[in-house]
Each structure stands twice: as C-alpha cells, then as structure tokens.
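Student: Heads up, the final residue of the sequence shown is numbered 462 in the numbering used here, and it's a clean run with no missing numbers.
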Amino acid sequence: GSNLILARLLFPEAFGLMALVFVLLTGLAMFSDIGITPSILSSKRGDEPDFLNSAWTIQIIRSVIMFVLACALAWPMASFYEQPELLQLIPVTAISLLILAALPTRIDTASRHMILGRLTVVELTSQFLGVVLMLMAAWATGSIWAIVAGNLAGAAIKVALAWTVLPGIPNRLRWERAAVGELVRYGKWIFLSTVAGFLVLQSDKLILGRYLSMEGLGVYNIGYFLASFPLLLGQALIGRMLIPIYRENPPAQSPQNFARLRRVRLALSGLLLALTVPLALGGVWLVDLLYDARYANAQVVVVMVAIGLLPQILTLSYDSVALASGDSRGFFMLNAVRAALFVGTMLVTVPAMGVAGAALGFGLTHLLCWPLVARLANRHGAWDPAHDALMGALAGLVALAAFWLHGPLILTPIG
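1. Could you check whether the Cβ of V350 sits closer than 7 Å to any heavy atom belonging to the ligand COA?
2. I need the DSSP call for P96, collapsed to helix, strand or coil.
3. Using the Cβ count rule (16 or more neighbours within 10 Å means buried), how would you classify G228?
4. Pick from A157, A343 and L322: whose alpha carbon is nearest that of W332?
5. What is the rounded straight-line gap between the Cα of L340 and the Cα of I269?
6. V68 and L147: beta carbons closer than 8 Å?
7. Any chance the segment 201 to 212 sits against the segment 351 to 366, with 3 or more Cβ pairs inside 8 Å?
8. Helix, strand or coil for D155? Go by DSSP, reduced to three states.
9. Inspect the beta-carbon positions of G215 and T156 and report whether they are closer than 8 Å.
10. G189: which of L180, L56 and I52 sits nearest, CA to CA?
11. Kindly list the residues whose CB is nearer than 7 Å to the CB of Y271, restricted to its own chain and excluding five residues on each side of it in sequence; keep chain order.
12. Skipping 5 residues on each side, what residues in its chain have a beta carbon closer than 7 Å to that of R165?
13. According to the neighbour-count rule (16 or more other Cβ atoms, all chains shown, within 10 Å of its Cβ), is W122 buried or exposed?
14. Would the beta-carbon of G439 fall within 8 Å of that of L361?
15. Check for me: the alpha helix (DSSP H) holding L363 runs from which residue to which?
16. Excluding the 5 residues flanking S275 on each side, which residues of the same chain have their C-beta closer than 7 Å to its C-beta?
17. Could you give the DSSP three-state label for S301: helix, strand or coil?
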C-alpha cells in the first residue's frame, strides 16, 4: 500500500536512487554479518545472559563500523553512477544503522521461543508508523527525503517497541571470551554465506544500474518489489519459524518429525506458489490497475521476475535445516555456488537482454542449484522428493501459462 501511494507522490527516479542507497546499506550489513541471530536461535547457550550480552556488544561494534564505511563509500557510489544526490542520501540514511545497533537480543529470544505474536506486533507496528510518517512527509514535500525520514523513524520505533514489548534480559555491554569464540566459530561461515547472499539478492540492481537510467531502475525496483512479495513473505516466515522447528524436530530423528515437516513445507510452498500465480499471470493488469502511466514498463518486470523467482520460492524451506544443525559451512558452500552462478549469468544476460536477462538469471541460477540444495537437505534428512516433484510440476505449469499469455511482452526493453 505504501509503495502504491509513494508512486503517486514521488517521481520514478526517486525509487532508482533509493534502490542504490539500500543496495549499499544491505551490502554492508550482509558483508559484516556473522550470524548473530541464527547463533542465538540454534546455540545451547542461546538463553544465557553472558552469551546474549556478548552478541549485543558485537552488534553495536559492527553497526558503528558499517556507518563509517557507508559514509566513506558515498562519494565512490555517487561518482560511479554519476548521481551526486547519493553524497547526501547515503550518510543520512545510514544513521538507521546506528539506531538499529541498540536493538535488543529480545528480538532473537522471541524467535527462539516462538513468541511470534508479540514479535509480529513489534514488526508491523514499527513498519506501519514508519510508513505513515513517510507518506505524510512525501505528501508535504514531494521529496525523496521522505523515504529517508520514514526509514529512520521506522528503525527508531522498532528499537523502542522491542525494548518495551518483548520479554528478555536487559542487555548490557559484555565481552565473554567463550561466548565471543562460539559466535565467531559459528559465524565465520555465516559471514561468507551472507557475502554470497548479497550477490544473489542485489547483483541485479548493481548491474542494471549501469545499463538503465535512474527512471528505468526505479520502474524495475517497483516491479521487482511487487513480484517478489511471495519470496519476501517466505523468507520472513522461514527466518522466524523454521530454525526453531528444525532444532526441536530434527527430520532425521524419526518418521514422525519428517512427516510433520513435510506438512509445514507443503503448506508454505503451496501458499507462496498461490501468491505467485496472480503476479505471473496477471501482473500486466495488476500494474495497470495499481500504478499510473509512468510505471507502465513495470508490467514486464512483474511477470518476468515472478516467473524467475519460482525455483527459489520452492526450495526456501531447505536451507534452514543446515543452520539448525550447526552446518554453517554447508550453508556457505551452497550460497557460494549460487552467487557465482548468478553473477556470471547476469553479466551475460543483462547486457544482451536487459530486464528480461535479469529475470532469466534468477530462474537459471536456482534451477541449476537445485541438485545442491537437495544434496544438502538430504545430508540432514530433510530432502522431500515428493514435495519437489509436486511443487515443481505446478510451478512449471504456471511458467508455461505466463509465457503463453505474455510472450511478446517479456522482451520489451526498459530504458
């Protein structure tokens, strides 16, 4: 909803510029991630104050370093993309990193113990209030700075709510060597995995930013956001739920655990596939209905990205079993291959096909990685070939129907 309103209050170039800002901040976050959240979710010491406070201290140090790096990289980004506005946008938006440094480990404790009601209240309330403030600023000013203000406000509200609404210890600065050692040992592979994950999640915008105008990149970002809604929902659910579920119900331990996880996996994949169908088949009409003529080119983005993300959506539930089992190295190896395939594919397909090449890169990468995903899941007793066969066949039918409906459209260039 906020995306729709902002699209009417602001100009397409604003979304292109902010896409570059958030790519940089996301990159810094992922390039410095040592897996504090999955460590707390999976560790036997995940409820001990010394362990949690040591993790919180590392989080603060990391956030300060990220902020300094963001300020230092503002000029190179502005120069590379020939967008002087980035010189101011990046440092100010990066203040959110300092705000989120104060986020308590109560967020992770709530996930560890499946206190999802309160956690959802914190997430949705902070997002809602941040969006309201963003829309009010956009209505009053018509400026790109409204997005920055809303982002900062949402971060501050989330921190305040987490401290007041969620149960857990009051965090204090602490540096226990044993806890830090465990976090670093577990997190070294998470760090490498998130570097690879950044390349998979953000390379499309970095590469397209060199071939499209800021208006074209803004339109792409609008279409991608709409088409990736099922993927974002799936990642949010899996990030909060599946590691604790795998930890408490190891699929290799008993047929009952495997059957329980099969039901969860089928329900999740079925939900995400059902949400993708109207985007892949009706994305053209959806964009016409929701956006004005400035965003007409988002039609092709929605259809192509929805098709390209289908293989990734159907394998989402497998990665968490490795993290729940402490196999962060296996998780890294999978993400490293994904990153290499994705960047290599994008560097070939984007210059030749533009946006259609980006969507093709999504699909090819995750199709080629499926055997590795199955192998990793099988190592931990989680691979479910019946699930993959059923959902893969349904996804294939959706893709064929989308190509039949929108074949000529998908090669439409976006400038």
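Idealized CB from N, CA, C, for every residue including glycine. Being a predicted model, the structure only gives us computed values, none of them experimental.
Tutor: According to the structure shown:
1. Only the bare structure without any ligand can be found here, which leaves the ligand COA out of the picture.
2. helix
3. exposed
4. A343
5. As written in the sequence, residue 340 is Ala, which differs from the Leu given in the question. In a straight line, the C-alpha of A340 is about 13 Å away from that of I269.
6. no
7. no
8. helix
9. yes
10. L56
11. V348 and V352
12. A157, V212 and L213
13. exposed
14. yes
15. Here L363 belongs to no alpha helix (DSSP H), and DSSP marks it neither H nor E.
16. V352 and L356
17. coil
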